[in-house]
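Residue numbers (our numbering): 1145 to 1342. Note that CB positions come from ideal geometry on N, CA and C, so glycine has one too. Below is one structure, written out as structure tokens, with a few remarks after it.
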Amino acid sequence: MKIKELEFKEIASKRIYESYMKRISKVVKPLPVQDQNEVLLEFNSHIYEGLQRQTNKAEVEGLLDILDKLGVPEEILKPLVADKKMEQATKTFNPLHVIKALALNITNGISYIIFFILYLLLLGFVYLIFAKIVNPDTMGLFFEDEAFMVLGKTNKLNDPGVTEVLGNWFIPVMIVSIIVCYFIITFLLKLKRIINKK
């Protein structure tokens, strides 16, 4: 949907308006097109209504007053963009959206830092898969005398009580673990967002 640009009598007013709207477009670029259009339409509407109320000021002066009241797009839209991106991420469970949403929300509290760390820990499982492919004998889930010893690499293969329990199932188990953990962490992120909304 194309936003109808406002018409101005003065060229300076048009340039100021276009510059402000471009800044808004740039800030909301990470959002889906529909959300971008909603934000642009909302700001466009505020500017239009503000101009309709100001009859005794010069056009440029009135426009500058309205834009001052609306604020700097880079500052006022940051929380909105972060929240909308988090909403998109928790709806779609798309890893790219999740990463972008966490990056935008990283300054919004320690809980987002914790979620970011949890997602980074999932990369550990990916590392284990590649390490198992490269060194199949020294990587795995090892038990020593029927007690958990290590998930990863060991040099104690020659010890009599050490056994690798998963064998050829190690990679499929790690893949399933990544998927399950990813969905659990993302569901918890969604739950946190719902709790914050209340």
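Given residue i, which residues of its chain have a CB within under 6 Å of its CB, disregarding the five upstream and five downstream residues?
{"i": "F1314", "result": "K1276, G1284"}
{"i": "I1322", "result": "L1266, F1269"}
Compute the distance between the beta-carbons of residue i and residue j, then report whether it is under 8 Å.
{"i": "V1204", "j": "I1160", "result": "yes"}
{"i": "F1260", "j": "L1246", "result": "yes"}
{"i": "E1288", "j": "V1306", "result": "yes"}
Roughly how many angstroms lie between the CA atoms of residue i and residue j, to the nearest whole one?
{"i": "V1270", "j": "A1233", "result": "21 Å"}
{"i": "S1189", "j": "K1166", "result": "15 Å"}
{"i": "L1150", "j": "F1237", "result": "38 Å"}
{"i": "L1348", "j": "K1201", "result": "Examination of residue 1348 is not possible in this model, given that the chain is present from 1145 through 1342 alone."}
{"i": "T1298", "j": "I1328", "result": "29 Å"}
{"i": "D1303", "j": "F1274", "result": "25 Å"}
Is the CB of residue i under 8 Å away from at least one CB in chain C?
{"i": "F1187", "result": "Here there is only one protein chain, and chain C is not present."}
For the alpha helix (DSSP H) that residue i lies in, which residues bound it at each end?
{"i": "L1240", "result": "1239–1249"}
{"i": "L1272", "result": "1254–1278"}
{"i": "E1193", "result": "1177–1197"}
For residue i, count neighbouring C-beta atoms within 10 Å of its own C-beta (all shown protein chains included) and say buried if the count is 16 or more, exposed if not.
{"i": "Q1196", "result": "exposed"}
{"i": "A1156", "result": "exposed"}
{"i": "T1251", "result": "exposed"}
{"i": "L1240", "result": "exposed"}
{"i": "I1210", "result": "buried"}
In chain order, what residues of the same chain have a beta carbon less than 8 Å from the beta carbon of residue i, not counting five sequence neighbours either side?
{"i": "V1171", "result": "P1217, E1218, L1221, K1222, V1225"}
{"i": "L1310", "result": "G1284, L1285, V1317"}
In terms of residues, what are the limits of the beta strand (DSSP E) holding residue i?
{"i": "T1307", "result": "1306–1308"}
{"i": "A1291", "result": "1291–1297"}
Let me check you understand the geometry: is the CB of residue i closer than 7 Å to at least one non-hydrogen atom of the ligand SAM?
{"i": "F1187", "result": "Absence of the ligand SAM from the depicted structure is noted, as is the absence of any ligand whatsoever, leaving it without description."}
Leaving out five residues on either side along the sequence, give the residues of the same chain with a beta carbon under 7 Å from the beta carbon of residue i.
{"i": "E1154", "result": "E1203, V1204"}
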